[in-house]
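Below: the structure, in structure tokens.
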Amino acid sequence: MLTTLNLNLNQGFFRLKEKHHFHLVDNSQLPIITAFASMLVVLNIVFYLHSSDVSIVHFFDNMAFQVAWFIFSTVLFSWFITVVAESGWGYHTIAVRQGLRYGMLLFIVSEVMFFFAFFWAFFHVSLAPSIAIGGIWPPKSIQALDVWGLPLVNTLLLLSSGVTITLAHRAILQKINYTYSDFFKKHLLVTIILGVTFLCCQGIEYKYGITFRWKENVYGSTFFVTTGFHGLHVTIGTIFLLFCLLRSLLTASRFWGSHGLFVKLIVRDFFLNYLLKKSVSRQNESELLTEVKSAQNLLGKYSFTKDQHFGFEAAAWYWHFVDVVWIFLFVTIYWWGS
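Quick note: the sequence shown uses the working numbering, first residue 22, plus one each step.
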């Protein structure tokens with residue numbers, strides 16, 4: 022394969038550019054680290070469900086929990102940053118973006134199968150209740166939730182967030198000036214706020230609105246497993262959207278004045294704006310404007326554009342998937358199951 026050596030001073034190191042439309046990824050330690058972190062998370066859940074009375078076991082279990090989620094979060098943000106960097110380096114060609122979309126769709130399909138298993142379990146035990154739970158559904162010992170209380174509020178929150186994230190996506194597709202850029206950030210921020218509010222309401226419901234426990238019978242088990250995993254997906258989706266918002270803010274050319282570290286950008290932008298407002302000499306002003314323009318071009322490579330916004334597009338798809346799952350969950354477990 023023919024290759025040409027390209028020296029990019031903005032990246033600070035040499036990279037080889039292959040003469041084709043696909044991205045051959047570099048060697049990475051992230052997969053093995055992700056597998057190790059996932060194993061720790063699963064083991065921590067198992068130890069939590071089968072807790073021991075020995076204090077030393079509790080200590081190591083808490084340590085493993087903290088280490089697992091720290092590694093898992095680090096890997097998640099490392100993957101986000103890697104995708105952003107590859108996009109800025111020009112690796113996300115049309116063919117690569119198409120492949121990334123197919124990969125995200127397949128991931129969502131796997132998540133559909135994941136939740137399908139929980140809904141299957143719910144209907145299996147609810148359509149033909151066993152004698153052990155009284156032959157009725159919900160079981161006699163279960164006080165069903167008020168479906169028109171917090172569950173309805175959570176439904177309205179997620180449906181509203183689906184509207185706001187759709188408006189934010191449309192703003193990217195029509196991004197022609199700063200007005201659309203601000204429109205995107207505002208609606209993305211509102212989506213994140215709605216997601217966090219949903220999680221808070223879910224926590225309030227778990228603590229104060231539910232009288233049964235997950236260990237009591239099959240009703241509690243199916244309820245907490247399904248709603249709990251959905252809450253976990255909402256948490257991951259919120260983190261996903263938060264990273265998109267931070268990326269959009271950090272690459273906004275009118276907020277940053279030069280390239281380099283983000284701290285340097287903040288300080289640099291302050292002095293550039295201060296000097297420009299003080300009407301310095303024409304020569305210095307011209308030099309400053311040239312530097313600002315070059316910085317805008319550099320930061321623009323890493324920002325969301327009409328053609329390069331797969332990071333947000335994947336987050337939007339994932340969020341819509343979470344919304345749809347909640348609608349099925351609300352109709353089946355909260356309304357019909359009560």
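Quick reminder that beta carbons are idealized off the backbone N, C-alpha and C, glycines included.
Report the option in the options whose CA atom is closest to the CA atom of residue i.
i              : options                           : result
glycine 249    : Ala116, Ala335 and Cys221         : Cys221
glutamate 226  : Arg268, Asn175, Phe204 and Leu215 : Asn175
glutamine 50   : Phe81, Leu97 and His71            : Leu97
leucine 166    : Ile257, Val217, Phe233 and His251 : Phe233
tyrosine 123   : Glu334, Ile257, Trp110 and Phe325 : Glu334
histidine 71   : Leu271, Lys236, Ile157 and Thr256 : Lys236
threonine 212  : Val168, Gly258 and Gly241         : Gly258
threonine 272  : Gly241, Gly109 and Glu132         : Gly109
alanine 89     : Ile102, Ile154, Ile66 and Gly241  : Ile66
glutamine 329  : Val255, Ile115, Val217 and Gly170 : Ile115
glycine 358    : Ile157, Tyr229 and Phe81          : Ile157
leucine 262    : Arg191, Gln223, Gly230 and Lys206 : Lys206
isoleucine 260 : Ile214, Gly230 and Lys228         : Ile214
leucine 253    : Ile53, Gly224, Ser202 and Ser131  : Gly224
serine 99      : Pro52, Ile348 and Gln164          : Pro52
isoleucine 348 : Leu126, Thr95, Phe81 and Leu177   : Leu177
serine 94      : Glu132, Leu126, Ile54 and Phe204  : Ile54
isoleucine 163 : Ser202, Ser131, Tyr69 and Ile231  : Ile231
Measuring CB to CB, does residue i end up less than 7 Å from residue j?
i                 : j                 : result
leucine 209       : leucine 266       : yes
histidine 42      : tyrosine 112      : no
isoleucine 186    : alanine 337       : yes
glycine 332       : valine 104        : yes
histidine 17      : valine 117        : There is simply no residue 17 to check, as the chain begins at 22 and stops at 359 in what is shown.
alanine 58        : isoleucine 92     : yes
alanine 106       : threonine 243     : no
proline 159       : tyrosine 355      : no
valine 239        : valine 146        : yes
phenylalanine 101 : phenylalanine 264 : yes
lysine 161        : glycine 170       : no
valine 168        : glycine 216       : no
If residue i sits next to residue j, beta carbons under 8 Å apart, how far is it from one beta carbon to the other, in whole angstroms?
i                 : j             : result
phenylalanine 136 : leucine 179   : Not really, about 15 Å apart at Cβ, beyond 8 Å.
threonine 247     : leucine 350   : 6 Å
serine 324        : serine 269    : 7 Å
phenylalanine 140 : threonine 353 : 7 Å
Any beta-carbon of chain D closer than 7 Å to the one on residue i?
i           : result
leucine 188 : Absent from the structure is chain D; it holds one protein chain and no more.
message: Count Cβ pairs between the segment 141-150 and the segment 336-343 that sit closer than 8 Å; are there 3 or more?
response: Flag = no, the segment 141-150 and the segment 336-343 do not touch.
query: Are at least three pairs of beta-carbons, each pair with one atom in the segment 79-89 and one in the segment 61-68, less than 8 Å apart?
result: Note that the segment 79-89 touches the segment 61-68; at least 3 beta-carbon pairs, one per stretch, sit closer than 8 Å.
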